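First comes the structure, then the notes that go with it.
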Amino acid sequence: MKSADAFAKTRAEGRAALIAYLSGGFPSLADSIKAIDILIDNGADAIEIGLPYSDPVMDGPAVQRSAGRALAAGFRTRHLFEIVEAVAGRVPILSMTYWNLVERYGVDAFARDFASAGGAGLITPDLIPDEAEAWMAASDAHDLDRVFLVAPSSTEERIASTVAACRGFVYAQSVMGVTGARAATSAVAPALVERTRAHTDLPIGVGLGVRDGEQAAEIASYGDAVIVGSAVVSCYLEADDVPSGHQRLAELTADLAAGVRR
Amino acid sequence: MPQPGPHPSPRPSASPATPSPDSEGASRSPDVGGHWGEFGGRFVPEALIAALEELDKAHAKALEDPEFHAEFDRLLREYGNLPSPLYRADRLSEGTGVEIWLKREDLNHTGAHKVRNVLGQALLTKRMGKTRVIAETGAGQHGVATATAATYLGLDCTVYMGEEDTRRQALNVARMRLLGAEVIPVTTGSRTLKDAMNEALREWVATVDHTHYLIGSVGGPHPFPKLVRDYCRGIGDEARAQMLERTGRLPDVVAACVGGGSNAMGAFTAFLDDEGVGLYGFEAGGEGYDTGRHAATITAGEVGVLHGARTYVLQDEDGQTIESHSISAGLDYPGVGPEHAHLAATGRAVYEPVTDAEAMAALERLARTEGIVCAIESAHAVAGALRLAPDLAPGSVVLVNLSGRGDKDMGTVVDYFGFADTNGKGTAQ
Numbered sequence: 007m008k009s010a011d012a013f014a015k016t017r018a019e020g021r022a023a024l025i026a027y028l029s030g031g032f033p034s035l036a037d038s039i040k041a042i043d044i045l046i047d048n049g050a051d052a053i054e055i056g057l058p059y060s061d062p063v064m065d066g067p068a069v070q071r072s073a074g075r076a077l078a079a080g081f082r083t084r085h086l087f088e089i090v091e092a093v094a095g096r097v098p099i100l101s102m103t104y105w106n107l108v109e110r111y112g113v114d115a116f117a118r119d120f121a122s123a124g125g126a127g128l129i130t131p132d133l134i135p136d137e138a139e140a141w142m143a144a145s146d147a148h149d150l151d152r153v154f155l156v157a158p159s160s161t162e163e164r165i166a167s168t169v170a171a172c173r174g175f176v177y178a179q180s181v182m183g184v185t186g187a188r189a190a191t192s193a194v195a196p197a198l199v200e201r202t203r204a205h206t207d208l209p210i211g212v213g214l215g216v217r218d219g220e221q222a223a224e225i226a227s228y229g230d231a232v233i234v235g236s237a238v239v240s241c242y243l244e245a246d247d248v249p250s251g252h253q254r255l256a257e258l259t260a261d262l263a264a265g266v267r268r
Numbered sequence: 546m547p548q549p550g551p552h553p554s555p556r557p558s559a560s561p562a563t564p565s566p567d568s569e570g571a572s573r574s575p576d577v578g579g580h581w582g583e584f585g586g587r588f589v590p591e592a593l594i595a596a597l598e599e600l601d602k603a604h605a606k607a608l609e610d611p612e613f614h615a616e617f618d619r620l621l622r623e624y625g626n627l628p629s630p631l632y633r634a635d636r637l638s639e640g641t642g643v644e645i646w647l648k649r650e651d652l653n654h655t656g657a658h659k660v661r662n663v664l665g666q667a668l669l670t671k672r673m674g675k676t677r678v679i680a681e682t683g684a685g686q687h688g689v690a691t692a693t694a695a696t697y698l699g700l701d702c703t704v705y706m707g708e709e710d711t712r713r714q715a716l717n718v719a720r721m722r723l724l725g726a727e728v729i730p731v732t733t734g735s736r737t738l739k740d741a742m743n744e745a746l747r748e749w750v751a752t753v754d755h756t757h758y759l760i761g762s763v764g765g766p767h768p769f770p771k772l773v774r775d776y777c778r779g780i781g782d783e784a785r786a787q788m789l790e791r792t793g794r795l796p797d798v799v800a801a802c803v804g805g806g807s808n809a810m811g812a813f814t815a816f817l818d819d820e821g822v823g824l825y826g827f828e829a830g831g832e833g834y835d836t837g838r839h840a841a842t843i844t845a846g847e848v849g850v851l852h853g854a855r856t857y858v859l860q861d862e863d864g865q866t867i868e869s870h871s872i873s874a875g876l877d878y879p880g881v882g883p884e885h886a887h888l889a890a891t892g893r894a895v896y897e898p899v900t901d902a903e904a905m906a907a908l909e910r911l912a913r914t915e916g917i918v919c920a921i922e923s924a925h926a927v928a929g930a931l932r933l934a935p936d937l938a939p940g941s942v943v944l945v946n947l948s949g950r951g952d953k954d955m956g957t958v959v960d961y962f963g964f965a966d967t968n969g970k971g972t973a974q
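Listed below in structure tokens is the structure:
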């Protein structure tokens, strides 16, 4: 199942998609699988599994902490494929990963194993198309989506070249800053989405900073997908135990899912 | 800081050497994307690409602007105490069979070669119309140098420093604050240099419209490795001219310590096309290569991506960064500048580890023979040169870049040699 399948469905329903991010192996290997089930049960249209990395320069405190805990508990790259295999089939499953982990595994081998586990594709926050020759080849060979980022600071030329390299959707980084839930969504995001739309027919997902259903509804008014990450992992960071984290996650997801349907 | 004593050698009449497009041979230029062979490039969020492009253009323009050179030269000379002397270390050389010469970067303002990089980048920051710099620092030397240049040139300054390091280097935290900089302890990850760099990159994404990231070494995304090298290459340009003036010949060997590698790139660049000159980089071997507790990135690392560039990285089987170790905070980093990776891969330069014990023995020997207390980082280069000497033809000329002075390291020296013990004789452990 590819990203396009989810967007075909949401477009038919006349709404934006909800894409939820969770660090792989957090709060534990088994519970990250359980969490993804909760996300899907409560209305997530696609899942991004973050591959925990020692030096996540794009991420704010919540994602850093969740990834750090997964690594401390012994998370390995191969566990990603186990999670994907366990949850694939209902909605598209992507992974958001820093590039060194893919390169270390072997770009083609990673693409092969991710695809055979049932994964849809990769979102690569620190890989720009200019450096992506090996990934372009591997994603073609194994028929995977490749989602690159555009940012408020991107020039028109860079937006054009970036969307040309994307398959599945385009990830619009809506604020100049790291991941993390924010009280107010970005004022520059609608302009970025509009600029990006001028260069592509691909769906545009808007990420970084979404906290609740109200913000999701606001972004859903101009974006094709609302991407929520830090708020998701915070359900567990702020809960006393894993069961109450699951409970919080179910409530948050339902709120967000209602938001994209407003 | 104590003032340096009288210069041990006549100061050369030449101006401090600053980068010039005319002197840049093809062999040392990366491609347009910042690659030297398979190394370098840009592995950063798209949000930073516009700023990196702007920086690349501003730097290229500055290099061609005589006004920039005049101002940079003036600052280096009048403020930085440059050019630094080239000194023939006869007593250190005794019994080695070779002639060791020291490029005295330890006499620079702020105590190391780093003043070249910070003045260059601070000037560039002003030319770009930005009003603030941020920096990462490990032991605090780059932070102090950045705070110095920022306050001198009227820029706001924030320095990210691992919480662990702020405790170990409290005096440098105080120096930065005295200079007017804001110091932010970093509490993520291992709370050391690499995490300070992560935090500086995160902060830069959010403030890039008015803030320049004044990176402290020849690492990071393009154009930083080239830019920092260009501002540090005066070390080698000066030393090459000084050596020719004093001896009428080039050295047989140039030796420098390598952490990220700014002083070594600064020393090597002028000699890259001199085929007869051997280039040696000495990495931190820590407690020994086989203990796993070291920072010998080129010797022990494998190709990967860290902090925006493809280079050699100390990493585990999955590509997670491994913590490095060195008695010298300035070399304690699990990556290395991509141009060094390229010089190693092509064989133009040789990189070898020097252990903590070898470095401390060399530090003591230099102090006892020449009356020069160098930084522990620089002591790795001295130790490497001494180890190399028996393999060189008798009378060979070895140029060692003495990249910094040792005042900052006295706490470590006290612990290592047991000087706190009133009966301490200064014998190594």
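Residue numbers (the working numbering), protein chains in the order written: chain A, 7 to 268; chain B, 546 to 974.
For glycine and all other residues, C-beta sits at the position ideal for the given N, C-alpha and C.
Remember, it's a predicted structure, so these values are computed and weren't measured experimentally.
The beta-carbon separation of G765 (chain B) and T814 (chain B), rounded to 18 Å, does not stay under the 8 Å limit for a contact. P770 (chain B) and E884 (chain B) do touch by the CB rule: their CB atoms are close to 6 Å apart, below 8 Å.
Considering only beta carbons, the part of the segment 59–80 of chain A lying closer than 9 Å to chain B consists of Y59, S60, D61, P62, V63, M64, D65, G66, P67, Q70, R71, G74 and L77, in chain order. Secondary structure of H654 (chain B) (DSSP, three-state): helix. In this structure, the beta-carbon distance from K648 (chain B) to L947 (chain B) falls below 8 Å. By the CB criterion at 8 Å, L155 (chain A) and A126 (chain A) fall outside the cutoff. Neighbours of I225 (chain A) across chain B, judged by C-beta separation under 7 Å, do not exist; the nearest C-beta is about 18 Å away. In this structure L789 (chain B) is exposed. Its beta-carbon is surrounded by fewer than 16 other beta-carbon atoms within 10 angstroms.
Contact between I53 (chain A) and I46 (chain A) is confirmed by a C-beta separation of about 7 Å, below the 8 Å threshold. Contacts with chain B (Cβ-Cβ distance below 9 Å) from the segment 100–126 of chain A involve Y104, W105, N106, L107, V108, E109, R110 and Y111, listed in chain order. The beta carbon of I729 (chain B) sits closer than 8 Å to the beta carbons of T703, V704, Y705, M706 and E744 from its chain, once the five residues preceding and following it are set aside; these are given in chain order.
At a cut-off of 8 Å between beta carbons, K739 (chain B) contacts chain A. The distance from the Cβ of Q865 (chain B) to that of L208 (chain A) is about 32 Å, inconsistent with a contact at the 8 Å cut-off.
The C-alpha of G826 (chain B) is placed about 20 Å away from the C-alpha of A634 (chain B). One Cα belongs to A178 (chain A), the other to A171 (chain A), and the distance between them is close to 14 Å. DSSP places F120 (chain A) in the uninterrupted alpha helix (DSSP H) bounded by V113 to S122. Excluding its 5 nearest sequence neighbours in each direction, A592 (chain B) has C-beta neighbours in its own chain below 6 Å: V750, listed in chain order.
By the neighbour-count definition (other C-beta atoms within 10 Å, threshold 16), R661 (chain B) is a buried residue.
Under the DSSP assignment, N946 (chain B) falls in the beta strand (DSSP E) whose first and last residues are V942 to L947. Contact check for V663 (chain B) and T693 (chain B): beta-carbon distance about 7 Å, within the 8 Å limit, so the pair qualifies. Within the segment 740–766 of chain B, the residues whose Cβ lies closer than 7 Å to some Cβ of chain A are N743, L746, R747, V750, A751 and V753, listed in chain order. Here the segment 796–811 of chain B makes no contact with the segment 831–838 of chain B; the two share fewer than three CB pairs at distances below 8 Å.
None of the residues of the segment 599–622 of chain B has a beta carbon lying less than 9 Å from any beta carbon of chain A.
Interface criterion met: the Cβ of G183 (chain A) is under 8 Å from a Cβ in chain B. Short of 7 Å from the beta carbon of V918 (chain B), and not among the five residues preceding or following it, lie these beta carbons of its own chain, in chain order: A912, R950 and G951. Sequence-distant partners of T655 (chain B) (beyond 5 residues in either direction) whose C-beta falls short of 7 Å from its own C-beta, in its chain, are V689, A690 and T693. DSSP places Y242 (chain A) within a helical segment (H, G or I) once states are collapsed to three.
Straight through space, the alpha carbons of V216 (chain A) and A889 (chain B) are spaced by roughly 46 Å.
Excluding sequence positions up to five before and after M142 (chain A), its CB lies within less than 8 Å of the CB of P135, R152 and A171, all in the same chain and listed in chain order. Looking at the DSSP output, T900 (chain B) bridges to B:G831. Relative to I55 (chain A), the option among A:F13, A:V113, A:F120 and A:K15 whose CA is nearest is A:F120. In the three-state DSSP reduction, G66 (chain A) falls in the coil class, being neither helix nor strand. One finds nothing in chain B with a Cβ atom closer than 7 Å to the Cβ of D230 (chain A); even the nearest lies about 19 Å away. For Q253 (chain A), the nearest beta carbon of chain B is not closer than 8 Å to its own beta carbon. Using a Cβ-Cβ cut-off of 8 Å, P131 (chain A) counts as an interface residue toward chain B, since at least one Cβ of chain B sits closer than that to its own.
Between V212 (chain A) and the set A:A204, A:P196, A:E220 and A:V63, the nearest pair of CA atoms involves A:P196.
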